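Numbering (full-length UniProt numbering), first residue to last: 1 to 444.
Even for Gly, the Cβ is constructed at its ideal location relative to N, Cα and C.
Everything numeric in this text was worked out from a predicted model, so none of it was measured.
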């Protein structure tokens with residue numbers, strides 16, 4: 001395995017260092033001597049902080065780097081899962097004790113062109129974005145900018161500008177940051193559905209031209225009664241996490257995306273993650289296509305044209321940003337996860353106290369995570385039309401992520417089936433490789 005890694009790295013370094021003869025000679029000398037090294041320095045500085053830097057570096061880590069005898073059974077199990085589940089393309093990453101030991105794609109990033117999925121392909125991650133948003137809130141708390149008990153609305157609330165003045169119900173003024181984090185803000189989807197996925201209804205009510213943005217959605221919601229007193233009832237709320245994005249903007253003085261990148265992602269050396277766009281023609285370079293293969297897989301577009309489009313492109317993912325709008329590679333998410341897992345193998349982006357407070361909450365519901373227990377398993381799912389995602393942190397130091405660009409009638413079984421398969425296959429591994437594929441990526 002080590003010889004294969006050196007050969008592949010040698011080939012790619014030849015391409016990337018051809019403009020610098022000294023660097024080329026030094027790189028090949030180190031490879032010849034068998035000295036471990038990374039093509040970048042101790043931070044992310046060698047590739048910089050821009051998306052262009054990410055594009056120049058992504059192909060350092062490809063499927064071939066995970067072609068190891070110990071992972072043959074995982075390869076077979078994943079190929080079988082993708083086929084049986086009817087998934088067009090998927091990406092998986094596995095970390096053991098802080099090291100990326102496996103990163104591989106399956107199926108197609110673009111079925112029409114037969115472009116195979118590689119570890120560097122970007123996927124929508126759905127509600128895994130909520131974990132990123134929760135970590136950003138905790139970072140603001142650590143830096144003294146807010147507390148969990150701070151009120152969101154009202155004269156002394158965080159969001160008190162003119163946009164937030166049309167409050168219909170005084171109960172809104174009782175909502176705190178913690179209520180938003182734990183889905184106990186008082187809303188109910190039984191009233192008018194999930195407001196983040198009814199663009200045409202909101203556009204009609206607000207008399208907007210085109211797709212309603214987050215401002216329109218906020219004004220629509222605040223003009224309605226709040227069904228429950230905040231803190232008394234759990235009802236999963238994408239809208240609540242979108243408001244947390246606004247809280248982050250208000251307290252940081254930056255856009256939500258800018259804050260997450262500058263305070264969370266860039267310090268970890270993650271430069272590829274970014275917020276998704278609505279239209280398929282605006283996909284980022286290396287972003288997969290999305291396939292909703294369910295029986296009722298088209299609806300009117302959100303812009304009011306009457307055109308029928310795939311469900312995967314029928315909602316405003318740009319408005320959904322803090323609740324479900326991030327793009328990431330499987331290796332992006334693995335690097336993020338090892339920085340919030342509470343293990344000592346690598347430094348965390350938050351203090352241990354903050355990480356534990358995300359798990360041990362007053363309400364008993366974790367911040368950002370779908371489920372988490374102290375001393376146990378932490379996991380987070382993400383589901384959209386055309387998207388399925390799962391990220392899992394196990395107590396034994398093993399963590400893994402799977403991202404898929406497909407939804408269909410089998411998607412309801414996605415989490416249970418892949419979790420069963422991974423538990424079965426990981427338990428079979430008698431010896432873990434000692435390599436760290438993070439050192440072949442742009443992260444180090």
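Q.
Does residue 420 pass the burial test, meaning 16 or more other C-beta atoms within 10 Å, or should it be called exposed?
A. Its Cβ having fewer than 16 others within 10 Å, residue 420 is exposed.
Q. Thinking C-alpha only, which one of 112, 76, 132 is nearest residue 106?
A. Selected option, being the one with the closest Cα: 76.
Q: With a 10 Å radius around its C-beta and 16 neighbouring C-beta atoms as the bar for buried, classify residue 259 as buried or exposed.
A: A buried status is given to residue 259, since no fewer than 16 other beta-carbon atoms sit within 10 Å of its beta-carbon.
Q: Compute the Euclidean distance between the alpha carbons of residue 314 and residue 194, then round it to the nearest angstrom.
A: Cα-Cα distance, rounded: 14 Å.
(Q) Please report the distance separating the alpha-carbon of residue 329 from that of residue 183. (A) Using only the alpha carbons, I get a separation of about 27 Å.
Q.
Contact between the segment 104 to 124 and the segment 316 to 329 is defined here as three or more beta-carbon pairs at a separation below 8 Å; is this criterion met?
A. Pairwise C-beta distances place the segment 104 to 124 in contact with the segment 316 to 329, as three or more of them are shorter than 8 Å.
Q. What does residue 402 pair with, by DSSP beta-bridge criteria?
A. Within the DSSP secondary-structure output, residue 402 pairs in a beta bridge with 92, 390.
Q: May I have the straight-line CA-CA distance separating residue 303 from residue 175, to the nearest angstrom?
A: C-alpha separation (whole angstroms): 32 Å.
Q) What is the DSSP secondary structure of residue 377, reduced to helix, strand or coil? A) Of the three classes helix, strand and coil, the one that applies to residue 377 here is coil, per DSSP.
**Q.** Any 3 or more C-beta pairs closer than 8 Å across the segment 82 to 96 and the segment 409 to 419
**A.** Contact between the segment 82 to 96 and the segment 409 to 419 is present, with at least three C-beta pairs closer than 8 Å.
Q) alpha helix (DSSP H) containing residue 77: first to last residue? A) 72 to 85 is the span of the alpha helix (DSSP H), which, as asked, contains residue 77.
Q.
Buried or exposed, going by whether 16 or more other CB atoms sit within 10 Å of the CB of residue 281?
A. Counting the other Cβ atoms within 10 Å of the Cβ of residue 281 gives fewer than 16, which makes it exposed.
Q: Below 8 Å on the Cβ atoms is my guess for residue 343 versus residue 382; work out the distance and round it to an integer in Å.
A: Contact between residue 343 and residue 382 fails: their C-beta atoms lie close to 23 Å from each other, not under 8 Å.
(Q) For residue 32, which residues in the same chain have their Cβ closer than 7 Å to its Cβ, ignoring the five residues on either side in sequence? (A) The predicted model places residue 32 with a pLDDT of 42, which falls under 50 and marks its position as unreliable; any figure quoted below should be read in that light. Excluding sequence neighbours, residue 32 sits near nothing in its chain.
Q. What's the gap between the Cα of residue 2 and the Cα of residue 435?
A. Note that residue 2 scores a pLDDT of 37, beneath 50, so its modelled location is shaky; the value from the coordinates is reported in the next line. Approximately 8 Å between the Cα atoms of the pair.
Q | Inter-residue Cα distance where the pair is residue 324 and residue 129 | A | Roughly 5 Å between the two C-alpha positions.
Q) According to the neighbour-count rule (16 or more other Cβ atoms, all chains shown, within 10 Å of its Cβ), is residue 65 buried or exposed? A) Buried is the label assigned to residue 65, since at least 16 other Cβ atoms lie within 10 Å of its Cβ.
Q.
By the three-class DSSP mapping on this structure, what secondary structure does residue 35 have?
A. In this prediction, residue 35 has a pLDDT of 42, which is less than 50 and means its spatial position is unreliable; what the coordinates show is noted afterwards. In the structure shown, residue 35 sits in coil (DSSP, three-state: anything other than H, G, I, E or B).
Q: Assign residue 161 to one of three DSSP states: helix, strand, or coil.
A: Reduced to three states, the DSSP call for residue 161 is coil.
Q | Where residue 105 sits in the DSSP three-state scheme | A | Residue state, collapsed to three classes: strand.
(Q) If distances are taken between C-alpha atoms only, which option among 439, 366, 113 comes closest to residue 236? (A) Ranking the options by Cα distance to residue 236, first place goes to 366.
Q: Would you mind stating whether residue 262 and residue 273 have Cβ atoms separated by less than 9 Å?
A: No; because the gap between Cβ atoms is not below 9 Å, this pair is not in contact.
Q: Quick one: using the 10 Å Cβ neighbour count with 16 as the cut-off for buried, is residue 384 buried or exposed?
A: It is buried - the Cβ of residue 384 has at least 16 other Cβ atoms within 10 Å.
(Q) Which residue wins for smallest C-alpha separation from residue 296, given the options 312, 286, 287, 305? (A) Of the listed residues, the one whose Cα sits closest to residue 296 is 312.
Q: Using the DSSP secondary-structure output, state which residues sit across from residue 326 in a beta bridge.
A: Note: residue 326 sits in a beta bridge opposite 275.
(Q) Would you call the segment 336 to 354 in contact with the segment 133 to 147, where contact means no fewer than 3 C-beta pairs closer than 8 Å? (A) Counting Cβ pairs under 8 Å, three or more are found: they touch.
Q | Three-way DSSP call (helix, strand, coil) for residue 112 in this model | A | In the displayed model, residue 112 falls within coil according to three-state DSSP, outside both helix and strand.
Q. Under the rule that 16 or more other beta-carbon atoms within 10 Å means buried, what is residue 380, buried or exposed?
A. It is buried - the Cβ of residue 380 has at least 16 other Cβ atoms within 10 Å.
Q | Touching by the beta-carbon criterion (3+ pairs, under 8 Å), the segment 151 to 171 and the segment 234 to 252 | A | They touch, by the three-pair rule.
(Q) Give me the residue from 428, 431, 387 with the minimum Cα distance to residue 412. (A) Nearest option by C-alpha distance: 387.
Q.
What does the alpha-carbon distance come out to for the pair residue 257 and residue 326?
A. CA-CA distance, residue 257 to residue 326, rounds to 9 Å.
Q: Just grab the DSSP bridge partners of residue 292 for me.
A: Answer by DSSP bridge pairing, in chain order: 407.
Q.
Given this structure, state the Cα-to-Cα distance separating residue 192 from residue 439, to the nearest angstrom.
A. Take the alpha-carbon of residue 192 and the one of residue 439: they are about 49 Å apart.
Q) Are residue 167 and residue 222 closer than 9 Å when you measure CB to CB? A) For residue 167 and residue 222, yes; Cβs fall inside 9 Å.
Q. Since residue 298 sits in a beta bridge, which residues does DSSP pair it with?
A. According to DSSP, which records beta bridges pairwise, residue 298 is partnered with 310.
Q: Give the straight-line distance between the Cα atoms of residue 359 and residue 391, rounded to the nearest whole angstrom.
A: Straight-line Cα distance between these residues: approximately 16 Å.
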